[in-house]
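S.K.: One structure follows; several queries about it will come next.
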Amino acid sequence: MSNKRWIGEILVAAAVVMLGILGFVFATRMPRGTPHESPGLTPTVISSLLILLGSILLVILVQKRIKIPITTESKTDQKKNVNLEKNKRILITLGLTIAYVIMLGKIPYSVATFLYVFVFLLALKSTNWIKAVGISVLVSLGLTYVFGELLRVVLP
Amino acid sequence: MQSIYNLIMGFIKLLEPTHFGLMALASVLGIAIGALPGLTAAMSIALLSSITYGMDPEYAIPMLIALYASGIYAGSISAVLLNIPGTPSAAATSIDGYLLAQKGRAGEALGYARTASFWGGIIGVMVLAMATPPLIRLALKFGPWEYFVLAIMGVMVSGSLSMGQLQIKGWITGFLGLLVSMIGVDTLTLYPRYTFGNLFLMNGISLIPALIGLFGFSEVLYVMSDTSEAKLTVDPKSLKVGMPILQTLRYWKTIIRSSIIGVIAGAIPGVGEDIAAWLGYAAAKNTNKEIGKGEIEGVIAAEVANNAAIGGASIPLLSLGVPGSGAAAVLMGGIMLHGIRPGPLISIEKPQFIYDYIAMQLMANVMLLVFGLILSNLFVKVLLIKKDVLMPIVATLCVIGSYAVNNSIFDVYVAIALGVLGYILRIYGYPLAPFTLGLILGTMADENLRRGLMLSNNAIYPFFTRPVTLVLWLLIVVMTLWRSHRAKA
Numbered sequence: 001m002s003n004k005r006w007i008g009e010i011l012v013a014a015a016v017v018m019l020g021i022l023g024f025v026f027a028t029r030m031p032r033g034t035p036h037e038s039p040g041l042t043p044t045v046i047s048s049l050l051i052l053l054g055s056i057l058l059v060i061l062v063q064k065r066i067k068i069p070i071t072t073e074s075k076t077d078q079k080k081n082v083n084l085e086k087n088k089r090i091l092i093t094l095g096l097t098i099a100y101v102i103m104l105g106k107i108p109y110s111v112a113t114f115l116y117v118f119v120f121l122l123a124l125k126s127t128n129w130i131k132a133v134g135i136s137v138l139v140s141l142g143l144t145y146v147f148g149e150l151l152r153v154v155l156p
Numbered sequence: 157m158q159s160i161y162n163l164i165m166g167f168i169k170l171l172e173p174t175h176f177g178l179m180a181l182a183s184v185l186g187i188a189i190g191a192l193p194g195l196t197a198a199m200s201i202a203l204l205s206s207i208t209y210g211m212d213p214e215y216a217i218p219m220l221i222a223l224y225a226s227g228i229y230a231g232s233i234s235a236v237l238l239n240i241p242g243t244p245s246a247a248a249t250s251i252d253g254y255l256l257a258q259k260g261r262a263g264e265a266l267g268y269a270r271t272a273s274f275w276g277g278i279i280g281v282m283v284l285a286m287a288t289p290p291l292i293r294l295a296l297k298f299g300p301w302e303y304f305v306l307a308i309m310g311v312m313v314s315g316s317l318s319m320g321q322l323q324i325k326g327w328i329t330g331f332l333g334l335l336v337s338m339i340g341v342d343t344l345t346l347y348p349r350y351t352f353g354n355l356f357l358m359n360g361i362s363l364i365p366a367l368i369g370l371f372g373f374s375e376v377l378y379v380m381s382d383t384s385e386a387k388l389t390v391d392p393k394s395l396k397v398g399m400p401i402l403q404t405l406r407y408w409k410t411i412i413r414s415s416i417i418g419v420i421a422g423a424i425p426g427v428g429e430d431i432a433a434w435l436g437y438a439a440a441k442n443t444n445k446e447i448g449k450g451e452i453e454g455v456i457a458a459e460v461a462n463n464a465a466i467g468g469a470s471i472p473l474l475s476l477g478v479p480g481s482g483a484a485a486v487l488m489g490g491i492m493l494h495g496i497r498p499g500p501l502i503s504i505e506k507p508q509f510i511y512d513y514i515a516m517q518l519m520a521n522v523m524l525l526v527f528g529l530i531l532s533n534l535f536v537k538v539l540l541i542k543k544d545v546l547m548p549i550v551a552t553l554c555v556i557g558s559y560a561v562n563n564s565i566f567d568v569y570v571a572i573a574l575g576v577l578g579y580i581l582r583i584y585g586y587p588l589a590p591f592t593l594g595l596i597l598g599t600m601a602d603e604n605l606r607r608g609l610m611l612s613n614n615a616i617y618p619f620f621t622r623p624v625t626l627v628l629w630l631l632i633v634v635m636t637l638w639r640s641h642r643a644k645a
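From first to last, the protein sequence lines stand for chains A and B. Every letter in the first sequence is one number past the one before it in the numbering used here, and letter 51, counting from 1, is 51. Numbering-wise, the numbering used here comes out as the position in the second sequence, counting from 1, plus 156.
Given below as structure tokens:
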């Protein structure tokens, strides 16, 4: 396991413990009485188990670090480029999707969808701009028709 | 006799033109989606659940089932032609399937994959028909203690046996799902839990947007993180795909063995179609050493098992309200969205639904056989679509799909958040199926824990000492130990 990966694993396990602690704290503040009157009973149990399991996982990960040598990630240019490209693609996907959702309701659905697909395709350089326009128009009109007209969804 | 009559009535209903047409459409969609790497059966069921939300359940549920069966089969298409399974359940198929394609026998492999899926599906449905009624009769005797332990068993066994690096990670995701299901107004006291004053959270996390996020949006992120592009090495125009229904029966021993494995694996919560396929494949390899070198029997073993697992996963889904696989969990979410609550009470509330469900599964298997053959060359061409073009379209479907259920933009944000969570969990080896089970079974666990404590005057021993609860805890312990043993081996 590489150092970077191990740190990631530790952070996720720590986040689980934190979530468990937060869940526990809020659950204990809920009203108490008979089990029927205690909405916090089950959340308390689940949060406690999450704290326990997350802590055990942290211990396992720390023990792994001690027992197995951690390999330093190869710093070859090729590997760096692949990782950069991968992160770029995820950020583009996430960023554009969030921007699209923010746009919904502020501009017509079909326009927002056209812009989203068009910018997405060009950002990834997956096709030329003429095909990107064609695909974006088809998708936006298609979805508007299917959801708005056929399924009678009140589009955002 | 009454059961056979009810089953025939269920089947006749499906032959009505609108039912048949919609089911056929869903079957075709299921094959097209299942064939594409990056689009899973679970994702497509979640999206279609949202799309069919406004439809009559009589039309919507057969569509979901047709999509499920076809989607699981269709993963074999890209497994054979691209060496990339279209769905995780076709991973074992790609070993022999792709080797056969390289030897110029792609059409043969695809034909046998389809007929094997058909036979596996049919046998799975037959076992479903026989096993469900007695299990329902048993489950009707359950009290709140049994239902609570059943919910915990579903989450923990799923966590133990899901494909993941460490068992404990499966349990963590299961309990995370349970915690997320606690968000919203408590059904017993009407107290708002974990809402932090947000009105949108009062009704809790909406199931379908959550599933679209977990299986749809997280898959989009996962596919986009892969910078490679697969190349089709077979010319779609030259592909000749057959229908070797009877020839497949020459491998009857493999079919029976893989079906049994598939049904059992499917019935255990969280194990599902992908593990069923590997188990069926491994068992066949023990009897035929040529499997793994481009043998048709390898393709048959994997495909029979993964489609038989659909019937297997439906047994606890219908009888206990505990889905047997991740995709079955999403299907259950879709069924619940249409106002039907699977579980033992269904035999009292909607007894005909059990027979309708069996008839739908039978019809779905016939459709995958027929449409898989008629449209095989078209489905192969679908593989030529680049994923960088496909994923933005899938993302827009995820957005509108999660919005459409409640006409709520908040649900879209929930889907994106769970999508990001699902992606992070996935890359660090946390399986998603237990999270789904936790989300679905959370209310059942919560209500029955509190009811059980009330009835037993706050004593916890009935949760451990009643006969059925003892058996369920034993099952949890056995599965945990078995998984630990396999991990060490």
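For every residue, glycine included, the Cβ atom is placed at its ideal position computed from N, Cα and C.
How about Ser183 of chain B and Ala222 of chain B: are their beta carbons less than 8 Å apart?
M.R.: On the second sequence, residue 183 of chain B is found 27 positions in, with the first residue counted as 1. On the second sequence, residue 222 of chain B is found 66 positions in, with the first residue counted as 1. Yes, they are a contact pair.
S.K.: What residues are listed by DSSP as bridge partners for Leu104 of chain A?
M.R.: By 1-based counting over the first sequence, the position of residue 104 of chain A is 104. According to DSSP, Leu104 of chain A bridges with A:Ile107.
S.K.: Where does the unbroken alpha helix (DSSP H) through Tyr268 of chain B begin, and where does it stop?
M.R.: For the purposes of this step, residue 268 of chain B is taken as the residue at position 112 of the second sequence. From DSSP, the alpha helix (DSSP H) with Tyr268 of chain B extends over 262-295.
S.K.: Quick check: what's the CA-CA separation for Leu474 of chain B versus Ile502 of chain B?
M.R.: Here residue 474 of chain B is taken as the residue at index 318 of the second sequence, counted from 1. Here residue 502 of chain B is taken as the residue at index 346 of the second sequence, counted from 1. Rounded to the nearest angstrom, the two C-alpha atoms are 8 Å apart.
S.K.: Using the DSSP secondary-structure output, state which residues sit across from Val341 of chain B in a beta bridge.
M.R.: Mapped onto the second sequence, residue 341 of chain B falls at position 185. Bridge partners of Val341 of chain B: B:Pro348.
S.K.: In chain order, what residues of the same chain have a beta carbon less than 6 Å from the beta carbon of Gly253 of chain B, not counting five sequence neighbours either side?
M.R.: Along the second sequence, one-based indexing puts residue 253 of chain B at 97. The residues are Ala235, Val236, Ala265, Val455.
S.K.: Please identify, using Cβ separations under 7 Å, the residues of the segment 102-125 of chain A that lie next to chain B, in order along the chain.
M.R.: Here the close residues are Leu104, Gly105, Thr113, Tyr116, Val117, Phe120, Leu121, Leu124.
S.K.: Given Val570 of chain B, which residues of its chain have a CB within under 8 Å of its CB, disregarding the five upstream and five downstream residues?
M.R.: Here residue 570 of chain B corresponds to residue number 414 of the second sequence, with the count starting at 1. So the list reads Ile361, Ser362, Pro365, Ala366, Gly369, Ser558, once near-sequence residues are dropped.
S.K.: Kindly indicate the opening and closing residues of the alpha helix (DSSP H) around Thr249 of chain B.
M.R.: As a first step, residue 249 of chain B is located in the second sequence; it is residue number 93 there, counting from the start. Run containing Thr249 of chain B: 247-258, per the alpha helix (DSSP H) assignment.
S.K.: Just the chain B side, please: which residues come within less than 9 Å of Ser55 of chain A by C-beta, in chain order?
M.R.: Taking the first sequence and counting its residues from 1, one reaches residue 55 of chain A at position 55. The contacting residues do not exist; Ser55 of chain A stays about 10 Å from chain B at best.
S.K.: Counting only beta-carbon separations shorter than 8 Å, does Pro590 of chain B have a partner in chain A?
M.R.: Taking the second sequence and counting its residues from 1, the one referred to as residue 590 of chain B is at position 434. With 8 Å as the cut-off, Pro590 of chain B does not count as an interface residue toward chain A.
S.K.: Going by DSSP, name the residue or residues bridged to Ser234 of chain B.
M.R.: Position 78 of the second sequence, counted from the first residue, corresponds to residue 234 of chain B. DSSP lists no partner for Ser234 of chain B.
S.K.: Is there contact here, the segment 406-422 of chain B with the segment 458-477 of chain B, by at least three beta-carbon pairs under 8 Å?
M.R.: Yes, the segment 406-422 of chain B is in contact with the segment 458-477 of chain B.
S.K.: Run down chain B in chain order and give the residues with a C-beta less than 8 Å from the C-beta of Phe24 of chain A.
M.R.: Working through the first sequence from its first residue, we reach residue 24 of chain A at position 24. By Cβ distance, chain B contributes nothing, its closest Cβ being about 10 Å from Phe24 of chain A, past 8 Å.
S.K.: To which residues does DSSP link Ser384 of chain B through a beta bridge?
M.R.: By one-based count along the second sequence, residue 384 of chain B stands at place 228. The partner list for Ser384 of chain B (beta bridge, DSSP) is empty, contrary to what the question assumes.
S.K.: DSSP three-state call for Ser564 of chain B: helix, strand or coil?
M.R.: Locating residue 564 of chain B in the second sequence gives position 408, counting from the first residue. In the structure shown, Ser564 of chain B sits in coil (DSSP, three-state: anything other than H, G, I, E or B).
S.K.: Just the Cα atoms here: how many angstroms apart are Thr13 of chain A and Leu57 of chain A?
M.R.: For the purposes of this step, residue 13 of chain A is taken as residue 13 along the first sequence, with counting starting at 1. For the purposes of this step, residue 57 of chain A is taken as residue 57 along the first sequence, with counting starting at 1. Rather than Thr, the amino acid found at residue 13 of chain A in this sequence is Ala. Approximately 7 Å between the Cα atoms of the pair.
S.K.: Can you list the residues of chain B that Thr34 of chain A reaches, using a CB-CB cut of under 9 Å?
M.R.: The residue labelled residue 34 of chain A in the question sits at position 34 within the first sequence. Those are Arg606, Leu609, Met610, Asn614, listed as they occur along chain B.
S.K.: If you count every other CB in all the chains shown that lies within 10 Å of the CB of Arg133 of chain B, and 16 or more means buried, which is it?
M.R.: Any property of residue 133 of chain B remains undetermined from this structure, which presents chain B solely from 157 to 645.
S.K.: Looking at C-alpha atoms only, which residue of B:Gly166, B:Phe176, B:Leu204, B:Gly186 is the closest neighbour of Met553 of chain B?
M.R.: Counting from 1 along the second sequence, the entry for residue 553 of chain B is found at position 397. Just to set this straight, residue 553 of chain B is Leu in the shown sequence, not Met. Checking every option, the nearest Cα to that of Leu553 of chain B belongs to B:Leu204.
S.K.: Write down the C-beta distance between Leu53 of chain A and Phe304 of chain B rounded to the nearest angstrom, noting that I regard them as a contact closer than 8 Å.
M.R.: Counted from its first residue, the first sequence places residue 53 of chain A at position 53. Counted from its first residue, the second sequence places residue 304 of chain B at position 148. Going by Cβ atoms, the distance from Leu53 of chain A to Phe304 of chain B rounds to 19 Å, so no, they are not a contact pair.
S.K.: What number of angstroms, rounded off, separates the C-alpha of Thr599 of chain B from the C-alpha of Thr443 of chain B?
M.R.: The sequence position of residue 599 of chain B within the second sequence is 443, counting from 1. The sequence position of residue 443 of chain B within the second sequence is 287, counting from 1. Answer to the nearest angstrom: the Cα atoms are 45 Å apart.
S.K.: By DSSP, does Met219 of chain B sit in helix, in strand, or in coil?
M.R.: Numbered from its first residue, the second sequence carries residue 219 of chain B at position 63. DSSP places Met219 of chain B in helix when its eight states are reduced to three.
S.K.: Should Ile496 of chain B and Pro213 of chain B be called a contact, given that it needs their Cβ atoms to be closer than 8 Å?
M.R.: As a working note, residue 496 of chain B is residue 340 in the second sequence. As a working note, residue 213 of chain B is residue 57 in the second sequence. Yes.
S.K.: For Trp327 of chain B, does the count of other Cβ atoms within 10 angstroms reach 16, so buried, or fall short, so exposed?
M.R.: On the second sequence, position 171 is the one that residue 327 of chain B refers to. Buried, because 16 or more other Cβ atoms sit within 10 Å of the Cβ of Trp327 of chain B.
S.K.: Using the Cβ count rule (16 or more neighbours within 10 Å means buried), how would you classify Met18 of chain A?
M.R.: Translated into the one-based positions of the first sequence, residue 18 of chain A becomes position 18. Burial call: exposed.
S.K.: Please report the residue range of the alpha helix (DSSP H) in which Gly495 of chain B lies.
M.R.: For the purposes of this step, residue 495 of chain B is identified with residue 339 of the second sequence, where counting begins at 1. It is not in any alpha helix (DSSP H) - Gly495 of chain B carries neither H nor E in the DSSP assignment.
S.K.: Please state whether the Cβ-Cβ distance between Leu529 of chain B and Leu238 of chain B is less than 8 Å.
M.R.: In the second sequence, the residue the question calls residue 529 of chain B occupies position 373. In the second sequence, the residue the question calls residue 238 of chain B occupies position 82. Contact: no.
S.K.: Answer with yes or no whether the minimum CB distance from Ser200 of chain B to chain A is below 8 Å.
M.R.: By one-based count along the second sequence, residue 200 of chain B stands at place 44. No, no contact with chain A.
S.K.: In the DSSP assignment, the alpha helix (DSSP H) including Ser302 of chain B goes from what residue to what residue?
M.R.: Position 146 of the second sequence, counted from the first residue, corresponds to residue 302 of chain B. Per the sequence presented here, residue 302 of chain B reads as Glu, with Ser not at that position. Segment 300-317, the alpha helix (DSSP H) holding Glu302 of chain B.
S.K.: Count the other CB atoms within 10 Å of the CB of Asn563 of chain B; is the residue buried (16 or more) or exposed (fewer)?
M.R.: Residue numbering aside, residue 563 of chain B sits at position 407 when the second sequence is read from its first letter. Asn563 of chain B should be labelled exposed.
S.K.: Buried or exposed for Arg146 of chain B, going by 16 or more other Cβ atoms inside 10 Å?
M.R.: This structure cannot speak to residue 146 of chain B, because chain B is shown only from 157 to 645.
S.K.: Kindly indicate if chain B contains any beta-carbon less than 8 Å away from that of Glu37 of chain A.
M.R.: Locating residue 37 of chain A in the first sequence gives position 37, counting from the first residue. Closer than 8 Å to some Cβ of chain B, the Cβ of Glu37 of chain A qualifies, so yes.
S.K.: Counting only runs that start and end within the segment 3-68 of chain A, where is the alpha helix (DSSP H) found for 4 or more residues in a row?
M.R.: Runs found: 3-28, 41-67.
S.K.: Please list, in chain order, the chain B residues whose beta carbon lies closer than 8 Å to that of Ser47 of chain A.
M.R.: The sequence position of residue 47 of chain A within the first sequence is 47, counting from 1. Under the 8 Å cutoff, chain B gives Leu335.
S.K.: Answer yes or no: do Ile491 of chain B and Pro500 of chain B have a C-beta to C-beta separation smaller than 8 Å?
M.R.: Reading the second sequence from its first residue, position 335 is the one you call residue 491 of chain B. Reading the second sequence from its first residue, position 344 is the one you call residue 500 of chain B. In this structure, Pro500 of chain B does not lie closer than 8 Å to Ile491 of chain B by Cβ.
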